Structures are given as structure tokens and as C-alpha cells.
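Peer 1: Next up is a structure, given as C-alpha cells.
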Amino acid sequence: MMEELERYLRVDRFPLMWCSGCGNGIVLSCMLRAIKKLDLDQDRTVLVGGIGCSSRAVGYLDFNTLHTTHGRALAFATGIKLARPELNVIVVSGDGDSMAIGGNHLIHAARRNIDLTLVIFNNSIYGMTGGQYSPLTPVGKNATTAPYGNIEPEFDVAELARAAGATFVGRSTTYHTGLLTRLIIEGIQNKGFSLIESIAACPTAFGRQNKMKSGTEMLLAQKESAVHINRAVKMSPEELEGKVVIGKLHRREAPEYTELYDRLILDVRQGIKRRFD
Amino acid sequence: MSRVIELAQLMQGNEAAAEGALAAGVRFFAGYPITPSTEVAEIMAERLPRLGGKFIQMEDEIASMAAIIGASLVGVKSITATSGPGFSLMQENIGFAAMAEVPCVIVNVQRSGPSTGMPTAPAQGDIMQARWGTHGDYPIIALCPSSVREAYDLALRAVNLAEKYRVPVVLLMDEVVGHLRERVVLPPLDELEIVNRREPIETPANYKAYRADETGVPPMANFGIGYRYHVTGLAHDEKGAPTNDPATAEGLLLRLHDKLQRNLDDIIIENSRSLDDAEVVVLAYGATARSARHAVKKARQENIKAGLYQPLSLWPFPAASVDRLAEQAHTIVVPEMNLGQYRIEVERTVRGRAEVVGVNRANGELLSPDEIMQAILEVVNK
Amino acid sequence: MGDQKELRFSGTGGQGLILAGIIMADAAIRDGRNSIQYQSYGPEARGGASRAEVIIGDEEIDYPKVSNPDVLLVMSQEACDKFACDLAKGGVIIVDSTYVQKLPELNGRVYKLPISQTARDEVGREMVANVVALGAVVRITGVVSKDVLLEALLARIPKGTEDMNCKALKLGWELAEP
Chain A
1 MMEELERYLR VDRFPLMWCS GCGNGIVLSC MLRAIKKLDL DQDRTVLVGG IGCSSRAVGY
61 LDFNTLHTTH GRALAFATGI KLARPELNVI VVSGDGDSMA IGGNHLIHAA RRNIDLTLVI
121 FNNSIYGMTG GQYSPLTPVG KNATTAPYGN IEPEFDVAEL ARAAGATFVG RSTTYHTGLL
181 TRLIIEGIQN KGFSLIESIA ACPTAFGRQN KMKSGTEMLL AQKESAVHIN RAVKMSPEEL
241 EGKVVIGKLH RREAPEYTEL YDRLILDVRQ GIKRRFD
Chain B
278 MSRVIELAQL MQGNEAAAEG ALAAGVRFFA GYPITPSTEV AEIMAERLPR LGGKFIQMED
338 EIASMAAIIG ASLVGVKSIT ATSGPGFSLM QENIGFAAMA EVPCVIVNVQ RSGPSTGMPT
398 APAQGDIMQA RWGTHGDYPI IALCPSSVRE AYDLALRAVN LAEKYRVPVV LLMDEVVGHL
458 RERVVLPPLD ELEIVNRREP IETPANYKAY RADETGVPPM ANFGIGYRYH VTGLAHDEKG
518 APTNDPATAE GLLLRLHDKL QRNLDDIIIE NSRSLDDAEV VVLAYGATAR SARHAVKKAR
578 QENIKAGLYQ PLSLWPFPAA SVDRLAEQAH TIVVPEMNLG QYRIEVERTV RGRAEVVGVN
638 RANGELLSPD EIMQAILEVV NK
Chain C
660 MGDQKELRFS GTGGQGLILA GIIMADAAIR DGRNSIQYQS YGPEARGGAS RAEVIIGDEE
720 IDYPKVSNPD VLLVMSQEAC DKFACDLAKG GVIIVDSTYV QKLPELNGRV YKLPISQTAR
780 DEVGREMVAN VVALGAVVRI TGVVSKDVLL EALLARIPKG TEDMNCKALK LGWELAEP
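Written out as C-alpha cells, the structure reads:
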């Protein structure tokens, strides 16, 4: 695996900072497989990360890489994409980065349907700071800032993105790598805002506090709880209780933001009156 | 009708700032509406697409600052405009631009604070925030116009300096200068000096994104042209790789300062009036400099040896000039629409060699010439 | 300093006084003079006391605010109560008698003209009261020439409103007939 993907890596930056058993490496390899499959030009591709364990991924990758401030990766990426729509822009973010501090940028990027692909590494916890609860920590789970169990309900990322206007939404886990790779491929191909959530294990900060000892154990738990959307549609809400629905969850056609803006420029420069029907 | 009258026009300060930035080659604006800077965004929204540029109204000022950094990284000269509360929100990403050396310009049309304050009233309360608003020891340039023409010139200069030194530049306006309409004759576009960032001459394989040459400033490869490198707000080495090595981190920080320090002659810009034999110097900037100028004229009519020193660049602090003033004058009067922010810095440089007297107002009103004249008279009659 | 004329147009937000100030300043520049325009207003787009100030001169203009206007236009009772006493000695105050009933004793020339009433009755749009006022102010004070005022007006109003505004300007001019 490493060999075929090595051209995308800054091997001089290795070893990776991630703990053993961490799921981030699996998501990363799926991302790189998707990039390879699509044969994206490394010179013409920008990878943008926020702050957190997963966002550090971009530093190990041999593209134009931008490691931004906490929560703001999508806003930086919006500037890049709008200024140079011909570049491929992929954003890497964690659950805290994208859903808490960066939640507002996520809904507005989705609303604009700007051609960015956001890959969320969802490990249900703030890993880098040592295990505080995030907007995606399930109710009842422990975190250093929820020592008596988390009482806050979690976001449904996919529903949120769909409602905000995203044109492609998918979810997978690090157990279902084939699906994850396919979703990322389709997300990059989608001309518009795409969001792919990947459930990833964090044995160090999440597992240890929640009686899951190893990455392997957590990976198997992902397998157990996942239900593919094709099967989920036939299941009752009771049957879906505690399950994680994976697969391509949403797809719609809508005009893409930078294309609309380029059209606006053309019209304005040619003195064409703009009408919206 | 003479040529000058033909070219003379009535223009607003905010409009002049927008036009100056466009003349400098700005083709990207991201911003969020806020009084009293909104006109800058409105003009950009109208003008940029006509020039093939891009305007975007972001969801907040944090995102606006992020977006202009992103656009600048791919090679498009970028600017945002805001006022007090928005300037506060931008601070973290201003620090990012300073650390990652991404050229960008932030227009801050100062209004009365703290907090929401008086949104339509002028102030000069963000002087220290412009210098020290984000965390850490970082260098920055801040320019401060007192007229519509200066707003144009300094907006252009801000973009030039940002590109040349790879540093965020703050154009520190105030509500008076932002909303004032005044007669201007703008210079012909073909006579303007436009500076573009220096691009690397080496091949991508040999390029180190943060290796400075003799100017102290690393040549900048725009994203997307074949130089693949890493940009981060973390302390980083010459290749942009994050580091925790104390020597590397310190080297970086010192270089960030050094690239401005060694070029102060190029960065610092100032005006003066009747300064040659002045024994009382009024040191004033922004709209306050207009009142100060008037007070100095009145003082001269009364045979008082008064002069005006107006820093057009507030940061880096013009220490050499203030040093000379301290030797020359017995008193330096510093009128400000704040409680004495710049005066502290003046006192620090003067070190007791001259008396430093503040004239301060933080009630949303522009200081009047009479108030400054009063201070001059008190000094002279003491 | 020098031969500087200071004007203040005051009234209620929404009466178009800032636009009137801009047109006046623009006209002065077209006359080859120096001018600046500044305003002070509250956060509301409509209602509340509003004023626009214009300074016209031949030299550098320093302080942009007007303390004692040589020419004061008042288009509401509130503005009159607030600003009439600021009038410079021997200055000109032009009062919109449509809205201003009570006027204090003043050391200056007082003109009471039915500005808003004229706009409403003769143009059918009170909206152009600001332009009626401009016509009157310029005829009374001669601070700029009639030609440049018209030029500046046409440059600053929305397309399609030229006829209405020219009519308003003419009415204002006639209103100030000595």
C-alpha cells in the first residue's frame, strides 16, 4: 500500500504523530487512494486542515498544504477556491474542529455549495488536548470534561450538511475502507460542496475513558454498529437505535458557487442585465 | 477649466481606500458588514467583478480574514475591511498571516469602543490593538490616513508593503476619515508604483518556502504553480515543517521582526508642518492630525513656535523621528481620540528629554483645534 | 482660515440632507474650489435628528466639523431648537416653514420658506424637498454658481429622476426670489 501511495507522502516528515491504534491513518490512506484513482495533479491540488489530530494529516502530504487555525479550514479553503476555481481543494477536519468551533463555516460552505470536499475524521473526542467531549461525543460517554458522562446530544453531521445545502453527503467508518474510498472519490467528483464523515477510532483519548481498550476492539465495534443505507431504509426506527447509517446519504444537483461567480463576472463585464427566474 | 479642476472629484474616505487597494492590484475581498466600514465592502462588491476580481461576503470576520489569506496564498492580492468588533474577531487569523507570512491588508475604520460602543462615532482606540491584538510577539505594519487622498495613497501603500514584506498590514482609519467626503485629485494610474511579491528563482526541488535571502523576506511561490510546500501557523523550519526546536522557533520569530527592522527607512512614512524651528511639537495622526494642523497654524499666527509631526505609519513606531523631536522640542503634545495609547509609546522613546502632554477624548467626538490650541497655550504660558 | 464658508443642513433622517450636502460639496469642486462634506448621524437609517455639514473654501480645509455655520438650513422643529443658536453672527438661516413654527431671536438674516410644502404641492413628491432647499440656499447665498449646482445634481441623482429634480431645483430658486 505504502509504495503505491508514497508519491503523495512527505516521507521525510515521518513518523506520523498519531498513536498506535488511531484510525486517522486509515482515513488518510482512503483519501490518498481516492486521489490516486482520480489521478489529481499534486501541483494543482490544495489540502487544507484545521487544528487537531486529524488536521495534522496535511503536513505529511506532498501537495500544496495549508494547516490553518482551529475551526477555520473551510473559510481559508473558500478563499482559495474562489480565487482559483481551477484548483482542487480538499479539506481535512476533525469532529471538534468542524462541528464546534467551525460549525458556522461548515453550514455556510454547504449553503454556498462551493466546490470543496470536506473529509471529517470523527473520533468522537478532542484527541489532541487529551479527551474532552465534542459535539459528536455520544450521550453517556465519558470525557475528561464529562467525567459523569456526556449529557449533550450529538449532531447528525449528515443531516446538518444536507439541510444546509451540501450536494453530496456520505458516511463510512475506518472498518469499511472500500466504501470510504468510493465516497471520497464521488465527493471529489461532485461539482459542489461534498462532505464525507468517517468514523475513526481514538483508543487513547476516547477508548481508554470508555472501556474500549484497543483500536482493534473499536474497529470491530464500528463493524457491529454500522448499517448500510440500502439496508437502513428498510429498517424501523427502533431497529436503527444505536446504529450508524453508512453509505451515500444524500446527493442533489445545484449550481456551484464559483461557477456562478464566474458567470456573474462575464455578465457584468459584458453589460448583460442579470435576471433570476 | 484647468486640467486639475477636471480631475478633481468629491470622494469619501472609505471609497478612496477601496480605490487605492484596487489600483494596487487587489482582486479579492472578503468581508462582513459593519459600521462605519461597510462602504468599502459595497464598493468592492460593485467594482471587483468588473475587474475580473472576486468579492465574497463571509459569515463573519473570522472567516473573512481566513478567506483573504487563502486567496493571497494562491497569488491574488487580497484585502478585508472592518471596524472595532470585527477587528477583534480577526485577530487570531492576523497572527496566522504574520506567522505564515501571507501578504494581506486589513482596513479597520475605528469607531468608539470598547465592545459595541458607539458604532457611528469616531475613535482612535485600536492603536495598541493594531500593534498587539493577536497573541505572541509578532511584527506588523499599520498605516494611518488623515484625509481622503491619504486614504487612497496609504491603501495602495499598504498593499505594496504587504506584498513586499509578506506581512499583514493594517490600514488604520477612523470614522471621520472613512466617512468624510473631500476634494481629491488622484494620481494617474500609470504613474503609480505597484509592488508585487517576489517569486522564487530556484526550481521547486530546491525551494525552501521560508528561507529568507539577503532582504530578510523569503520569495513566495503561490499555491498551484508547481512549488508544493507546507504553510502552518505552528513554529516551523525553513521548509515550513512544524518544529518544537527552541533555536528554530526563535530564529523564525527574530527573522519576522528583522525583515521589518532592517527596512524601516522603506516602511516608515511621515508628514510634518512648520517643524524646523518648532519648540512645541504636536504629534498627531488620523483625523486628529487635521485639528492639530489647524491648531499649529493658529499658534504660528500668534508667533508661537509650534509644529506638527504626523506619523502616517504608526507601526513600526517611528522611534528615530521621535528621538529627533525629543532633542529639538521642549514639549510634545499628543492629541488622540483615546486615553493616551500612542502617547505611552512616545514617552517611552522621549525618556524625559522633553515634556509629553496628552490631549485626550474618548467620547465619540473629534478633538477640536481649540482644544489642541489650548494645550499649546498652557505649555507656552507655563 | 481664509475665506471659508461653513454650511449646515439639518432636519430629520430621511429628508435627504446628506445627499444635499454631497451635491453642494460636489458643486463647489466643479466651481474650482475646495470643499469637504461630513455628517453626524445616529445608527437609524430613517428618523432622528440628522445633519450634513459642508465647508467650502480656497485653501486647505483642516477641521471637518462646523461649529458656527455661516449658512444654516433647518427643516424640522427639532433641528431648529437644537442648531439655531449655533448660527454665526450675521449668518443666513433658511427655515422650512412647513415644519418649523417657533424660531428664536437670531443675529442673522432669516428666510422662512415653505420648502417641503412646495415639493409636495408642486412636484408631488416631498422626497425632493432637499433639492428645493438647495435651489433656495444657492440663490440666497451665492455660495456656488447655479450652473455647477445643476451639474452636480445631475451627477448625483438616480437615472430617471432628472426631470423631477430639475423642477425641484427651479422651484427652490424661485422660492428664494428676493
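These protein sequence lines are chains A, B and C, in that order. Counting from 1, one number per residue, gives the positions in the first sequence under this note's numbering. Counting from 278, one number per residue, gives the positions in the second sequence under this note's numbering. Counting from 660, one number per residue, gives the positions in the third sequence under this note's numbering. Built from N, CA and C at the ideal position, the CB exists for glycine as well. Note that the structure is a prediction, hence the values are computed from the model and not measured.
What are the residues of the stretch 452-476 of chain B that lie near chain C, defined by any Cβ-Cβ distance shorter than 8 Å?
Peer 2: Interface annotation for the stretch 452-476 of chain B against chain C: Val453, His456, Leu457, Arg458, Glu459, Arg460, criterion Cβ-Cβ distance under 8 Å.
Peer 1: In terms of alpha-carbon separation, which member of A:Leu183, A:Pro153, A:His176, A:Gly178 lies closest to threonine 167 of chain A?
Peer 2: In the first sequence, residue 167 of chain A corresponds to position 167, counting from 1. Nearest C-alpha to threonine 167 of chain A: A:Leu183.
Peer 1: Starting from the beta carbon of asparagine 370 of chain B, find every residue of chain A whose beta carbon is closer than 9 Å, and list them in chain order.
Peer 2: To locate residue 370 of chain B, count along the second sequence from 1; it is residue 93. Residues of chain A passing the Cβ test: Thr68, Thr69, Arg72, Ala75, Phe76.
Peer 1: State the beta-bridge partners of asparagine 385 of chain B as determined by DSSP.
Peer 2: In the second sequence, the residue the question calls residue 385 of chain B occupies position 108. DSSP output for asparagine 385 of chain B lists B:Thr359, B:Leu449 as bridge partner(s).
Peer 1: If you compare alpha carbons, which of B:Phe500, B:Pro593, B:Asn370 is closest to cysteine 421 of chain B?
Peer 2: As a working mapping, residue 421 of chain B is identified with position 144 in the second sequence. Among B:Phe500, B:Pro593, B:Asn370, the Cα nearest to that of cysteine 421 of chain B belongs to B:Pro593.
Peer 1: Distance, Cα to Cα, glutamine 270 of chain A vs glutamate 292 of chain B?
Peer 2: One-based indexing of the first sequence puts residue 270 of chain A at position 270. One-based indexing of the second sequence puts residue 292 of chain B at position 15. When the Cα atoms are used, glutamine 270 of chain A and glutamate 292 of chain B turn out to be separated by approximately 24 Å.
Peer 1: With C-beta atoms as the reference, is tyrosine 257 of chain A less than 8 Å away from leucine 219 of chain A?
Peer 2: Translated into positions along the first sequence, residue 257 of chain A becomes position 257. Translated into positions along the first sequence, residue 219 of chain A becomes position 219. No.
Peer 1: Using a 10 Å radius around the Cβ and a threshold of 16 neighbouring Cβ atoms, would you call methionine 660 of chain C buried or exposed?
Peer 2: If you number the third sequence from 1, residue 660 of chain C lands on position 1. Confidence is the limiting factor: at methionine 660 of chain C the pLDDT is only 47, short of 50, which leaves the residue's position unreliable, though a coordinate-based value still follows. Within 10 angstroms of the beta-carbon of methionine 660 of chain C lie fewer than 16 other beta-carbons, which makes it exposed.
Peer 1: Are there three or more Cβ pairs, one per stretch, closer than 8 Å when the stretch 678-685 of chain C is compared with the stretch 631-645 of chain B?
Peer 2: no
Peer 1: Write down the C-beta distance between threonine 757 of chain C and serine 709 of chain C rounded to the nearest angstrom, noting that I regard them as a contact closer than 8 Å.
Peer 2: One-based indexing of the third sequence puts residue 757 of chain C at position 98. One-based indexing of the third sequence puts residue 709 of chain C at position 50. About 16 Å separates the two Cβ atoms, so there is no contact after all.
Peer 1: Roughly how many angstroms lie between the CA atoms of alanine 555 of chain B and alanine 340 of chain B, to the nearest whole one?
Peer 2: Sequence index remark: in the second sequence, residue 555 of chain B carries index 278 (1-based). Sequence index remark: in the second sequence, residue 340 of chain B carries index 63 (1-based). For alanine 555 of chain B and alanine 340 of chain B, the gap between their C-alpha atoms comes out near 47 Å.
Peer 1: Closest to arginine 10 of chain A by CA distance: which of B:Thr315, B:Gly517, B:Ser349, B:Ser314 is it?
Peer 2: Start at 1 with the first residue of the first sequence, and residue 10 of chain A comes out as number 10. With distances taken between Cα atoms, arginine 10 of chain A lies closest to B:Gly517.
Peer 1: So with Cβ pairs under 8 Å, would you call isoleucine 246 of chain A a contact of chain B?
Peer 2: Against the first sequence, residue 246 of chain A aligns to sequence position 246. Closer than 8 Å: no.
Peer 1: Check whether the stretch 351-365 of chain B and the stretch 104-123 of chain A touch, using three or more Cβ-Cβ pairs below 8 Å as the test.
Peer 2: Contact between the stretch 351-365 of chain B and the stretch 104-123 of chain A is absent, because fewer than three Cβ pairs lie under 8 Å.
Peer 1: By the 9 Å beta-carbon criterion, what residues does the stretch 688-700 of chain C contribute toward chain B?
Peer 2: Ile688, Arg689, Asp690, Gly691, Arg692, Asn693, Ser694, Ile695, Gln696, Tyr697, Gln698, Ser699, Tyr700
Peer 1: Strictly by DSSP, which residues pair up with aspartate 99 of chain A?
Peer 2: Stepping through the first sequence from its first residue, residue 99 of chain A is reached at position 99. Position check: residue 99 of chain A holds methionine in this sequence, whereas aspartate was assumed. Note: methionine 99 of chain A sits in no beta bridge, so no partner.
Peer 1: For valine 240 of chain B, name the three-state secondary structure that DSSP assigns.
Peer 2: Given that chain B is displayed from residue 278 to residue 659, the structure contains no residue 240 of chain B and the question cannot be resolved.
Peer 1: Using only the heavy atoms of the ligand COA, determine whether one of them is closer than 7 Å to the beta carbon of alanine 572 of chain B.
Peer 2: Absent from the structure shown: the ligand COA. Ligands present: none.
Peer 1: Among the residues of its own chain, which have a CB less than 8 Å from the CB of aspartate 690 of chain C, if the five just before and after it don't count?
Peer 2: Counted from its first residue, the third sequence places residue 690 of chain C at position 31. Only Val803, Ser804, Val807 meet the Cβ criterion.
Peer 1: Quick check on DSSP: helix, strand or coil for aspartate 755 of chain C?
Peer 2: Start at 1 with the first residue of the third sequence, and residue 755 of chain C comes out as number 96. Looking at aspartate 755 of chain C - three-state DSSP - the assignment turns out to be strand.
Peer 1: Assuming the contact rule is C-beta atoms closer than 8 Å, valine 508 of chain B and isoleucine 649 of chain B should be a hit. Round their C-beta distance to whole Å, please.
Peer 2: Along the second sequence, read from residue 1 onward, the residue named residue 508 of chain B stands at position 231. Along the second sequence, read from residue 1 onward, the residue named residue 649 of chain B stands at position 372. Not really, about 46 Å apart at Cβ, beyond 8 Å.
Peer 1: If we define contact as Cβ-Cβ less than 8 Å, is alanine 285 of chain B a contact residue for chain C?
Peer 2: Counted from its first residue, the second sequence places residue 285 of chain B at position 8. Yes, alanine 285 of chain B counts as interfacial toward chain C.
Peer 1: Would you decide whether proline 153 of chain A is buried or exposed? Buried here means 16 or more other CB atoms lie within 10 Å of its CB.
Peer 2: Numbered from 1 along the first sequence, position 153 holds the residue referred to as residue 153 of chain A. Label assigned to proline 153 of chain A: exposed.
Peer 1: From this set, B:Gly503, B:Phe306, B:Pro399, which residue's C-alpha is nearest valine 453 of chain B's C-alpha?
Peer 2: Along the second sequence, one-based indexing puts residue 453 of chain B at 176. Of the candidates B:Gly503, B:Phe306, B:Pro399, the one whose C-alpha sits nearest the C-alpha of valine 453 of chain B is B:Pro399.
Peer 1: Mind checking histidine 456 of chain B: buried by the 16 CB within 10 Å criterion, or exposed?
Peer 2: For this step, residue 456 of chain B is matched to residue 179 along the second sequence. Per the 10 Å Cβ criterion, buried.
Peer 1: Does the stretch 325-336 of chain B come into contact with the stretch 497-515 of chain B, if we say contact requires no fewer than three beta-carbon pairs (one atom in each stretch) closer than 8 Å?
Peer 2: In short, these stretches do not touch, since the Cβ pair count stays below three.
Peer 1: State the DSSP-derived secondary structure class of lysine 516 of chain B, mapped to helix, strand or coil.
Peer 2: Locating residue 516 of chain B in the second sequence gives position 239, counting from the first residue. DSSP places lysine 516 of chain B in the coil class of the three-state scheme, outside both helix and strand.
Peer 1: Looking at the C-beta of arginine 488 of chain B, does it have a partner C-beta in chain C at a distance below 8 Å?
Peer 2: Residue 488 of chain B sits at position 211 when you count from the first residue of the second sequence. Answer no: the Cβ-Cβ gap between arginine 488 of chain B and chain C never drops below 8 Å.
Peer 1: Are there 16 or more other CB atoms within 10 angstroms of the CB of glutamate 470 of chain B, so buried, or fewer, so exposed?
Peer 2: Against the second sequence, residue 470 of chain B aligns to sequence position 193. Exposed, because fewer than 16 other Cβ atoms sit within 10 Å of the Cβ of glutamate 470 of chain B.
Peer 1: For a test of the three-state rule: what should DSSP assign to isoleucine 199 of chain A, helix, strand or coil?
Peer 2: Here residue 199 of chain A refers to the residue found at position 199 of the first sequence. Note: isoleucine 199 of chain A maps to strand in three-state DSSP.
Peer 1: Classify serine 735 of chain C as helix, strand or coil using the three-state DSSP reduction.
Peer 2: Taking the first residue of the third sequence as 1, we reach residue 735 of chain C at position 76. In this structure, DSSP gives serine 735 of chain C a state outside helix and strand, which the three-state scheme calls coil.
Peer 1: Determine, using beta carbons only, whether isoleucine 752 of chain C comes closer than 8 Å to chain B.
Peer 2: Here residue 752 of chain C is taken as the residue at index 93 of the third sequence, counted from 1. With 8 Å as the cut-off, isoleucine 752 of chain C does not count as an interface residue toward chain B.
Peer 1: Given that alanine 684 of chain C touches chain B, what residues does it touch there, using C-beta distances under 7 Å?
Peer 2: Numbered from its first residue, the third sequence carries residue 684 of chain C at position 25. In chain order: Leu287, Arg458.
Peer 1: Is the stretch 433-445 of chain B close to the stretch 532-546 of chain B, with three or more CB pairs under 8 Å?
Peer 2: yes
Peer 1: Along the beta strand (DSSP E) that carries threonine 181 of chain A, what are the first and last residues, could you check?
Peer 2: Mapped onto the first sequence, residue 181 of chain A falls at position 181. First-last for threonine 181 of chain A: 177-189, but that is the alpha helix (DSSP H), not the beta strand (DSSP E).
Peer 1: Assuming contact is defined by CB atoms lying nearer than 8 Å, are isoleucine 199 of chain A and glycine 187 of chain A in contact in what I supplied?
Peer 2: Translated into the one-based positions of the first sequence, residue 199 of chain A becomes position 199. Translated into the one-based positions of the first sequence, residue 187 of chain A becomes position 187. It is not a contact, given that the beta carbons lie outside the stated cut-off.
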